[in-house]
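One structure below.
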Amino acid sequence: MSRSFDTGGAPHFPPHSTVSRVMLQVIYALVPAIAAHVWFFGPGILVQIVLACFFALGFEALMLILRKQPLRLFLGDFSAVLTAILFALCIPPLAPWWIALTGMLFAIVVAKHLYGGLGHNTFNPAMVGYVVVLISFPQAMTAWLPPSSIAPAALSWSDALVTIFSGQPPGGLAWDAITEATPLDSIRTSIATGKMISEARQLPVFGDFGGLGWEWIANWYALGGLWLLWRRVISWHVPLAMLGTVIALGGLTYLIDPGSNPAPLQHLFSGAVVVGAFFIATDPVSGCTSTRGRLVFGAGVGLITLVIRRWGGYPDGVAFAVLLMNMAAPLIDHYTRPRIFGK
Amino acid sequence: MKIDPLSQARSAGQQLHHFHGGLRLRHNKKISCQTPIEKTPLATRYYVPLLQHSGREADATVSQGQKVLKGEQIGCFEHLGRGCIHAPTSGTVTAIARHPISHPSGADGRCVVIKPDGLDQWKELEPIDDWEQASPAELRQVIGSAGIVGLGGAVFPTGFKVNQASERGIHTLVLNGSECEPYISCDEMLMREQPGSIVLGARILQKAVGASRTIIAIEDQMGVVNAALFRAVEKSGAETIDIVKVTTIYPEGGEKQLIKVLTGLEVPSGGRPTDLGLLCQNVATATAVARAVTEGKPLIERIVTVTGNGVRKPRNLLAQIGTPISNLVDQCGGYASDAARLVLGGPMMGYALSTDSNPVIKAANCILVLSEDDIRPPQPEMPCIRCGECARVCPSILLPQELNRAIRNGLWDDVMELGLADCIECGCCDFVCPSHIPLVDWFRFGKSELHLLDQERVRAEAARQRFEAREARLERLKRERKKRIEDKKLALQENSSKQQKIAAAIERVRSRKSPKP
Amino acid sequence: MITAIILITLLGSLFGLGLGWAAGKFRVDSDPVVDQIDAVLPQTQCGQCNFPGCRPYAEAIAAGEADINQCPPGGEAGIQALADLLGLEAKPLNPENGEEKPRTVAVIDEAVCIGCTLCIQACPVDAIVGAAKLMHTVIEAECTGCDLCLPPCPVDCIEMVPVTTETGTWSWPRPATGEAG
């Protein structure tokens, strides 16, 4: 008596991992840093995250319908959510709601779907969204808050919501009263006015290594990144190359001219270097795939970031550095192909 | 200072090396190693496929109604030397008909159908009485006519392999007992229960190819096996056989990976281990060689692991070629209630069969019956997210993601440059892919397409040459015809001028002859 | 303003000259394009492209006298290959030249053949063996499926038969493209 069976392709194993699992693990790794953010800078960031997720999923659904692709499958892979969270972490907590809208429009519709959708985008969508918003709305993007320990007044949930949705500062206060330049901004203006870095570091906005509050957030980003490394979600090549380059070159410039160059640790704990190293430059789709290529990619991001910080027009260069290296990624991949076994 | 590869190869086994990539998989082998190997009882019918190798189908050397004895030749073919298929038992050939043949395509093929007479009577056996006195050529000849193929799964004709090897010159024979694919335990059980025949096979093969030493490679988790083999080697008195334990990473058992681990050398792309003076054979193949030489018995049976959560009592069976798989499963207690898929081979490289009336073939090292939980439900395929995991685990250090892109888009030059020919189809990349892209299926398709394109190119070149030759021939004929016409014209002219001269001469003669006033 | 214009013009001319010199200095010698085109064509020698063979068609393409979509045996893949080679747009096969069919070979019905040798003379690759008043037969391995032997045969004994694949020549099928392949 013979029995028939359904057939299927090899390997005959339960699934080892899925795209949504990969994306979710990255999101989990961001949670501690988000919590630290709320601790230091109030609840604004959470509102931004929710807004950005809402817009991101909305645009993603729209594009999927237009492109006649399965909604459930692609909305459920959490890639849009991850883009939204990374974007929200880059913008000021009190930025008006249309910043998130514009950012997600360019990130999801332009950078992701117009280039072919998941797996086909040349540029990091979150960074594209951020850069567009930064260049187009410089005023709105300066609404950074000082850490709550040195803030004049604590911001509540309702204050945050009102500010974000109305675009007006909370409680009738003027913008200048509640916003504060970021640590990197402070350094930049100090150098422009001829002050030394050591003087700038006396400002209350600075902590032990980098910006007050920011350095702790960087720590949590690093811990999250190390967890991702342990879970094999990312490989060590990009973070090591990027952080290594920042420390090495930062150290070099500091030794040459400590007056106008921050110390390497300060570089590390300011701005988006740590989050960039573990979460942004490691985006697999827009980065390199070969291991040597990833080292080159990470080093390039680190180098360009430092150059922009020192000589460029913006206080932090991670986003631009990532986009520039995204452009170079296919070429790097081509020249760093591994030697095949036996050849 | 560059070490000469051959001398490095000679020191195989002294130091263990690593190979790139690979996966640590759960073994799942214990469930089939609890009971000793059992022989399968006589089936009611045997369906021996005439296609158990690559290339064209073999020709049947028996006809319907013919009585055959066990071990009698029933088919032969010319492919990489002369290959043979033998009857698994004595009986009558009831038909040479189409039947499922356990082929990956699922297609039917011609089989020699044998109805056993119950006597299980061997043909007249002609073993070599004292193999130690026989010449290597004699040994190779016996191996060649016994229908022995690589029993590790590749079914490469052993006769051809050893003949080629002895021409190249071999210094070390490597017996591959590192069965790396999960679930499969036939080699392990063979090494536990019949280590003597493996050692005997090793000594015979060593003599047949002229090697000076043998290494038997086993996995480091095979403790019992190590002891059994060690005792067998001691008992045989062979001094040139070493047992080496290698790590248990899939696909360590692949020939090229095993050689890398033992010698640190990589078999050149497009080359064979014999280029390094090494010959690899599976331990079961060695046993078959021993049996063929010392008992005169051709290859008609092999050990098959019947296992998986879909079978009630997994175990190893000694099954005759041509036995329907349903018989094997019945012997193992039948199917479990949630049996969902029937796989020939292991979970990484095996292929699914649509019916259990498929017969045991020489390549069947394992029958794996999987339950629903063991297999992935049909998943929609996502786009490649370029995570690079596939390249991290590839033992051939290829870029599966780039290969996938190139094959899908028909960029065949890129495909060749990326080294598709070096893919061993181990399935590691498939396993780790988060987007569930069927990479190995694409690579197999790519290899077929490249082969077809190559054939097309060769055919087009031949057609062009024939066309040009024909054009040249027609040109030549035209020229020759033209020349003939011209010659004739010339001849005519000469003729007419000759005639004119003759006429003129006649005129002259006439006018001279009659000078009339 | 004026200085900017002059400067840009100067720079542009400088770079243009530099590029021109580099194009000459670093020129890569390649096969004559006719050979390259001929290598892509399927060598069926059928004449469906309106040229007497593949080489004349290749020469016509190289001279710009013929389009790249006139070859049915090459099919869509062949047109794409020619397009890639010459940097042109691929276009659909011109229906005036024929349609893409699966590969066929000619088979002579020996019961009907009268041994007239007309098909032998017609075959562009000499794939038919035979002689006057003796049996003719097609060498299957050499037949390109060009159909040129069918019109001359006075008794219509030639048939074009599709080439079959047996299990021995079976190849892995193309996997179905996934949702978002």
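These protein sequence lines are chains A, Y and F, in that order. Quick note, the first sequence lines up with residues -7 to 335 if you use the working numbering. Quick note, the second sequence lines up with residues 6 to 522 if you use the working numbering. Quick note, the third sequence lines up with residues 1432 to 1612 if you use the working numbering. Note that beta-carbon positions come from the ideal geometry of N, C-alpha and C, so glycine has one too.
Residues of its chain near residue 80 (chain A), where Cβ-Cβ distance is below 6 Å and the 5 sequence neighbours each way are ignored = Within the first sequence, the letter at position 88 stands for residue 80 (chain A). Here the set comprises 40, 41, 44.
Do residue 5 (chain A) and residue 359 (chain Y) have their CB atoms nearer than 8 Å?
-> Position 13 of the first sequence holds residue 5 (chain A). Position 354 of the second sequence holds residue 359 (chain Y). No, these two residues do not count as a Cβ contact at 8 Å.
Could you tell me which chain Y residues have their CB closer than 9 Å to the CB of residue 1501 (chain F), listed as they occur along the chain?
-> If you number the third sequence from 1, residue 1501 (chain F) lands on position 70. Neighbours of residue 1501 (chain F) on chain Y: none; closest Cβ ~17 Å, over 9 Å.
Since residue 1591 (chain F) sits in a beta bridge, which residues does DSSP pair it with?
-> Along the third sequence, one-based indexing puts residue 1591 (chain F) at 160. DSSP lists F:1537 as partners of residue 1591 (chain F).
Where do the N-terminal and C-terminal ends of the beta strand (DSSP E) with residue 283 (chain Y) fall, by residue?
-> Stepping through the second sequence from its first residue, residue 283 (chain Y) is reached at position 278. Taken as a continuous stretch (DSSP letters only), the beta strand (DSSP E) holding residue 283 (chain Y) covers 283 to 287.
Just the C-alpha distance for residue 155 (chain A) and residue 148 (chain A), rounded to the nearest angstrom, thanks.
-> One-based indexing of the first sequence puts residue 155 (chain A) at position 163. One-based indexing of the first sequence puts residue 148 (chain A) at position 156. Answer to the nearest angstrom: the Cα atoms are 11 Å apart.
How many whole angstroms separate the CB atoms of residue 132 (chain Y) and residue 306 (chain Y), which I take to be in contact at a CB cut-off of 8 Å?
-> Here residue 132 (chain Y) is taken as the residue at index 127 of the second sequence, counted from 1. Here residue 306 (chain Y) is taken as the residue at index 301 of the second sequence, counted from 1. Between residue 306 (chain Y) and residue 132 (chain Y) the Cβ distance is about 17 Å, and since that is not below 8 Å, they are no contact.
Collapsed DSSP secondary structure at residue 119 (chain Y) in the structure displayed | Mapped onto the second sequence, residue 119 (chain Y) falls at position 114. Strand.
Could you give the distance in angstroms between the alpha-carbon of residue 325 (chain A) and the alpha-carbon of residue 324 (chain Y)?
-> Locating residue 325 (chain A) in the first sequence gives position 333, where the first residue counts as 1. Locating residue 324 (chain Y) in the second sequence gives position 319, where the first residue counts as 1. Straight-line Cα distance between these residues: approximately 50 Å.
Whole-Å CB distance - residue 175 (chain Y) paired with residue 214 (chain Y), under 8 Å assumed | Here residue 175 (chain Y) corresponds to residue number 170 of the second sequence, with the count starting at 1. Here residue 214 (chain Y) corresponds to residue number 209 of the second sequence, with the count starting at 1. Confirmed, about 5 Å.
With 8 Å as the threshold, decide whether the Cβ of residue 11 (chain A) is near any Cβ in chain Y.
-> Here the question's residue 11 (chain A) lines up with position 19 in the first sequence. Answer yes: the Cβ-Cβ gap between residue 11 (chain A) and chain Y drops below 8 Å somewhere.
With DSSP as the reference, label residue 518 (chain Y) as helix, strand or coil.
-> To locate residue 518 (chain Y), count along the second sequence from 1; it is residue 513. Three-state DSSP puts residue 518 (chain Y) in a helix.
Runs of beta strand (DSSP E) wholly within the region 113 to 192 of chain Y (minimum 3 residues, chain order) = 113 to 121, 177 to 182
Beta-carbon contacts of residue 83 (chain A) that lie in its chain and below 8 Å, excluding the five residues immediately before and after | By 1-based counting over the first sequence, the position of residue 83 (chain A) is 91. Cβ neighbours of residue 83 (chain A) beyond the five flanking positions: 40, 91, 92, 95, 122, 125, 133.
Under 9 Å between beta-carbons, which chain Y residues line up against residue 1484 (chain F)? List them in chain order, please.
-> Sequence index remark: in the third sequence, residue 1484 (chain F) carries index 53 (1-based). Within 9 Å Cβ-Cβ: 472, 476.
Three-state secondary structure assigned by DSSP to residue 78 (chain Y) = On the second sequence, position 73 is the one that residue 78 (chain Y) refers to. Correct three-state label for residue 78 (chain Y): strand.
State the Cα-Cα distance for the pair residue 210 (chain Y) and residue 460 (chain Y), rounded to the nearest angstrom.
-> Counting from 1 along the second sequence, the entry for residue 210 (chain Y) is found at position 205. Counting from 1 along the second sequence, the entry for residue 460 (chain Y) is found at position 455. Straight-line Cα distance between these residues: approximately 36 Å.
Shorter than 8 Å from the beta carbon of residue 116 (chain Y) to some beta carbon of chain A?
-> Position 111 of the second sequence, counted from the start, is the residue given in the question as residue 116 (chain Y). Cβ-Cβ to chain A under 8 Å: no for residue 116 (chain Y).
Exposed or buried, what is residue 367 (chain Y) when buried is set at 16 or more other beta-carbons lying within 10 Å of its beta-carbon?
-> Here residue 367 (chain Y) is taken as the residue at index 362 of the second sequence, counted from 1. Residue 367 (chain Y) should be labelled buried.
Cα-Cα separation between residue 135 (chain Y) and residue 275 (chain Y), rounded to whole angstroms = The residue given as residue 135 (chain Y) occupies position 130 in the second sequence. The residue given as residue 275 (chain Y) occupies position 270 in the second sequence. The alpha-carbon atoms of residue 135 (chain Y) and residue 275 (chain Y) are separated by roughly 38 Å.
Inspect the beta-carbon positions of residue 97 (chain Y) and residue 332 (chain Y) and report whether they are closer than 8 Å.
-> Reading the second sequence from its first residue, position 92 is the one you call residue 97 (chain Y). Reading the second sequence from its first residue, position 327 is the one you call residue 332 (chain Y). No; because the gap between Cβ atoms is not below 8 Å, this pair is not in contact.
Jot down the residue ranges of each uninterrupted alpha helix (DSSP H) in the region 280 to 348 of chain Y, minimum 4 residues, whole runs only, in chain order.
-> 288 to 300, 330 to 336
Check the Cβ of residue 227 (chain A) against every Cβ in chain Y and list those closer than 8 Å, keeping chain order.
-> In the first sequence, residue 227 (chain A) corresponds to position 235, counting from 1. Chain Y residues near residue 227 (chain A): 393, 397.
Beta-carbon neighbours of residue 1 (chain Y), restricted to chain A and to distances below 7 Å | Coverage of chain Y is limited to positions 6 through 522, which leaves residue 1 (chain Y) absent and any answer about it impossible.
Since I believe residue 120 (chain Y) is in contact with residue 50 (chain Y) (beta carbons under 8 Å), could you give me their beta-carbon distance rounded to a whole number of angstroms?
-> For the purposes of this step, residue 50 (chain Y) is taken as the residue at position 45 of the second sequence. For the purposes of this step, residue 120 (chain Y) is taken as the residue at position 115 of the second sequence. Right, the Cβ-Cβ distance comes to about 6 Å (below 8 Å), so this counts as a contact.
Once you ignore the five residues that flank residue 60 (chain Y) on each side, which residues in its own chain have a CB closer than 6 Å to its CB?
-> Residue mapping note: residue 60 (chain Y) aligns to position 55 of the second sequence, counting from 1. Cβ neighbours of residue 60 (chain Y) beyond the five flanking positions: 84.
Residue 289 (chain Y) beta carbon less than 8 Å from that of residue 308 (chain Y) | Counting from 1 along the second sequence, the entry for residue 308 (chain Y) is found at position 303. Counting from 1 along the second sequence, the entry for residue 289 (chain Y) is found at position 284. Yes, Cβ-Cβ distance for residue 308 (chain Y) and residue 289 (chain Y) is below 8 Å.
Throw me the rounded Cβ distance for the residue 433 (chain Y) and residue 158 (chain Y) pair, which I believe falls under 8 Å.
-> As a first step, residue 433 (chain Y) is located in the second sequence; it is residue number 428 there, counting from the start. As a first step, residue 158 (chain Y) is located in the second sequence; it is residue number 153 there, counting from the start. Going by Cβ atoms, the distance from residue 433 (chain Y) to residue 158 (chain Y) rounds to 16 Å, so no, they are not a contact pair.
Near-chain A residues of the region 336 to 360 of chain Y (beta-carbon distance less than 9 Å), N- to C-terminal order | 340, 344, 345, 346, 347, 348, 350, 351, 352, 353, 354, 355, 356, 357, 358, 359, 360
Compare the C-alpha of residue 3 (chain A) against each of Y:419, Y:382, Y:11, Y:81 and name the closest.
-> Residue numbering aside, residue 3 (chain A) sits at position 11 when the first sequence is read from its first letter. For residue 3 (chain A), the nearest C-alpha among the options comes from Y:382.
How close, in whole Å, do the beta carbons of residue 353 (chain A) and residue 172 (chain A) come, if the pair is a contact with beta carbons under 8 Å?
-> Since the first residue shown for chain A is -7 and the last is 335, residue 353 (chain A) is missing from the structure and cannot be characterised.
Are the CB atoms of residue 333 (chain A) and residue 427 (chain Y) nearer to each other than 8 Å?
-> Within the first sequence, residue 333 (chain A) is the residue found at index 341, counting from 1. Within the second sequence, residue 427 (chain Y) is the residue found at index 422, counting from 1. Contact: yes.
How about the region 302 to 314 of chain A and the region 6 to 21 of chain Y: do they share at least three Cβ pairs that are nearer than 8 Å?
-> no
Quick one: complete alpha helix (DSSP H) runs, 4+ long, within the region 1488 to 1556 of chain F?
-> 1506 to 1517, 1549 to 1553
Look at the Cβ atom of residue 376 (chain Y), then the Cβ atom of residue 344 (chain Y), and state whether they are nearer than 8 Å.
-> To locate residue 376 (chain Y), count along the second sequence from 1; it is residue 371. To locate residue 344 (chain Y), count along the second sequence from 1; it is residue 339. In this structure, residue 344 (chain Y) lies closer than 8 Å to residue 376 (chain Y) by Cβ.
By the criterion of Cβ-Cβ separation under 7 Å, what are the contact partners of residue -6 (chain A) in chain Y?
-> Position 2 of the first sequence, counted from the start, is the residue given in the question as residue -6 (chain A). Those are 331, 360, 361, 362, listed as they occur along chain Y.
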